[in-house]
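Residue numbers (this note's numbering): 2 to 645. Ideal Cβ placement from N, Cα and C applies to all residues, glycine included. See structure below.
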RNA sequence: GCCACUUUAGCUCAGCUGGUAGAGCAACUGAUUUGUAAUCAGUAGGUCGUUGGUUCGAUUCCGACAAGUGGCUCCA
């Protein structure tokens, strides 16, 4: 007999060789129907795998993250089995579970999958899951596995085997599909009731663009059709708040073939948002002791050789233009220009920290396939600043920048983000990162220290640093789930020396400052793209391009409506009159769809009383007020940048 | 840049297997003068992304290019 410990502290005895499924059945049939896998001493196990010693056990269901990922991992294998039966000779790479669903990478030779193939594959998967095949789990030696896949000529599985040792290799046999290495869990096949293969794409083998491109099929499955339906509805909802769709509906920006890919044109409505954001940034930076500068959009090649950008960054820059034998580049970043401003006049320790700020316009030649609405563009306006400070001042300065992030996030109600400490990869020193191993260690420790001392939750990620130093990135997700860096706070220990930036320290000796690059509001492009989705187009009053729309009940009240509109404009409120010859219901509907925060409905009653009927977007009629009262409450809502 | 797909009126989309195009909304005109999410009628609007080819004939079939979309790689 063996002892099984349960999460609630209970302990029960079972015969040796009992499976998690047997245990579930012994508790209740209902539970057994829900069990997808088991966590055995913290490791995810197939529910049918025999347990031969005392363990602590947690039965995993759809409600557990590990249960879901086990489910999706097995769906990936179910799909592989369907693919193999339809396209014999296919070779598989890996098929992991995702946050939502799964994919499988495969080499289909010359075969190209079509949308129709996906439907056929779904059908096949449904058939297979209904067959309720029994899968036999068998541990085999590395030699056996290698010779098996050598015979098959499957270089992908052989590659996977390289990193595994005897005792780690498991085969699962079912029908014709053989396949997989250790982590597979097949006991959940029978739960695959709602299957949707979502897309076909290419993916480089091992994620390296020098390697062959494999075919990747994405899919998602659910234990019931109801959940699949709900998921599809959710996807539709997400599409409605896609910034590309909202940007068009609300006349925020447009793209034009003649201007070029990734070069957005900001329409008047979008420009209002830009100006409001800049106003906020300038106020905030002014209060935090920043000084504003302005720099040209181009610079000579020599400056980017000095900065060290060219060897690391040339591929992401527009090709240079040559004038009188000198190459000029469009700037992809503002830092070198700012460094030149630092260098323009001699500096003493008394001048530090020096904080230079600019909403700089940069151009980056992003690969065509990477462009994405406003989120990834080739012309960007950066909320940039560079802080030159001593090592002693670093903690305080870096922390002040972090505090500024948090202040902004509060204003915008941004709470779904992850702070990411982005570190270098020692293997890429001299290639992707400046070759200063000691300085990397030192500055990475400095940054981590700030995060820890300020109790900021964060994750650490290798190989995401800037070439000149580690950074803290704020990661967010677009409506359709793509991840982006919204804001960034970076340390630079390299460029100061490259530009020979110096200040005279208290011992009257030259010293090189540390540099902080920071962009709490990221770029206008990405930030506004993000805000469109974050607010679903319903901007708070201070940001709304049209703040108030005056809606006369009929033409008879148009003069009164125009008087009100003028009073609002006099009070610096962005107001318009709907002077169309339409019924009030139509005017309200159209204004609601434009997400204008306030609608002032005026008819005979309001005109006689000198009042307005206030309607708040999304909330309906909220009563009447005098014009003066409305103006003063709207003005304070704007001034305080209230969320609502 | 790579893999796959898409491109028809300002917007959203029809247009079966090749015989030069249609709807709704928006726009414009007129009627209506309206009380909290779509009043009615009429008018105008398209070398069917661009460009080669196949064909008596191409929006429709094939190729190239461009832009976009879903991914990969990459990034604020």
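- Query: What are the partner residues of residue 395, as DSSP defines its beta bridges?
  - Reply: Answer by DSSP bridge pairing: none, since residue 395 is not bridged.
- Query: In whole angstroms, what separates the C-alpha of residue 46 from that of residue 130?
  - Reply: 20 Å
- Query: In chain order, what residues of the same chain have a beta carbon less than 6 Å from the beta carbon of residue 108, not counting five sequence neighbours either side?
  - Reply: 92, 215
- Coil, strand or helix - residue 183 by DSSP: Bear in mind that the predicted position of residue 183 carries a pLDDT of just 39, short of 50, making it unreliable; the figure below should be weighed with that in mind. Three-state DSSP puts residue 183 in coil, outside helix and strand.
- Query: Roughly how many angstroms separate the alpha carbons of residue 632 and residue 640, rounded to a whole number?
  - Reply: 12 Å
- Query: From which residue to which residue does the alpha helix (DSSP H) around residue 490 run?
  - Reply: First-last for residue 490: 484-493, but that is the beta strand (DSSP E), not the alpha helix (DSSP H).
- For residue 311 and residue 715, the rounded distance between their alpha carbons: Any property of residue 715 remains undetermined from this structure, which presents the chain solely from 2 to 645.
- Between the beta-carbon of residue 522 and the beta-carbon of residue 282, is there less than 8 Å? yes
- Message: With H, G and I counted as helix, E and B as strand and the rest as coil, what does DSSP make of residue 564?
- Response: helix
- Query: By Cβ distance below 6 Å, which residues in the same chain neighbour residue 70 in space, the five residues on each side in sequence not counted?
  - Reply: 98
- Message: Under 8 Å, with one C-beta from each stretch per pair, do the segment 539-552 and the segment 421-430 reach the 3-pair mark?
- Response: no
- Anticipated Cβ contact below 8 Å, residue 477 with residue 531, distance rounded: 6 Å
- For residue 41 versus residue 19, is the C-beta distance shorter than 8 Å? no
- Candidates 105, 600, 124: closest to residue 622 by CA position: 600
- Task: Have a look at residue 301 and residue 630 and give me their C-alpha separation to the nearest angstrom.
- Result: 57 Å
- Task: Using only alpha-carbon positions, find the residue among 430, 347, 380 that is nearest to residue 360.
- Result: 380
- Query: Do the segment 402-409 and the segment 549-558 make contact, defined as three or more Cβ pairs closer than 8 Å?
  - Reply: no
- Task: Rounded to whole angstroms, what's the CA-CA distance from residue 438 to residue 427? Just pull it up for me.
- Result: 7 Å
- Cβ contact check for the segment 336-353 and the segment 368-376: 3 or more pairs under 8 Å: no
- Keeping to the same chain, check which residues put their C-beta closer than 6 Å to that of residue 497; ignore five residues upstream and five downstream. 513, 514, 516
- Query: Around the C-beta of residue 113, are 16 or more other C-beta atoms found within 10 angstroms, so that it is buried, or is it exposed?
  - Reply: exposed
- Item | Sub-8 Å separation of residue 218 and residue 198 beta-carbons | yes
- Query: If you check the beta carbons only, do residue 37 and residue 48 fall under 8 Å apart?
  - Reply: yes
- Message: According to DSSP, is residue 496 part of a helix, a strand, or is it coil?
- Response: helix
- Query: With a Cβ-Cβ cutoff of 8 Å, do residue 332 and residue 382 count as a contact?
  - Reply: no
- Item | residue 106, enclosing beta strand (DSSP E) - first and last residue | 103-108
- Task: Buried or exposed for residue 324, please, with buried defined as at least 16 other CB atoms from any protein chain shown within 10 angstroms of its CB.
- Result: exposed
- Query: Does DSSP put residue 223 in a helix, a strand or coil?
  - Reply: strand
- Terminal residues of the alpha helix (DSSP H) in which residue 453 lies: 438-454
- Message: Pop quiz: residue 489 and residue 466 are said to be a contact at Cβ under 8 Å. What is the actual Cβ separation, rounded to whole angstroms?
- Response: The Cβ separation is near 11 Å, so there is no contact.
- Closest by C-alpha distance to residue 307, when choosing among 626, 479, 336, 82: 336
- Compare the beta carbon distance of residue 243 and residue 534 with 8 Å and say whether it is the shorter of the two. yes
- Message: Give me, in chain order, the residues of the same chain whose beta-carbon lies closer than 6 Å to that of residue 546; leave out the 5 immediate sequence neighbours on both sides.
- Response: 270, 273
- Item | Where residue 125 falls, given that 16 or more other Cβ within 10 Å makes a residue buried | buried
- Query: From residue 582 to residue 246, what does the alpha carbon distance come to, in whole angstroms?
  - Reply: 28 Å
- Look at the alpha carbon of residue 452 and the alpha carbon of residue 598, and state the distance between them as a whole number of angstroms. 38 Å
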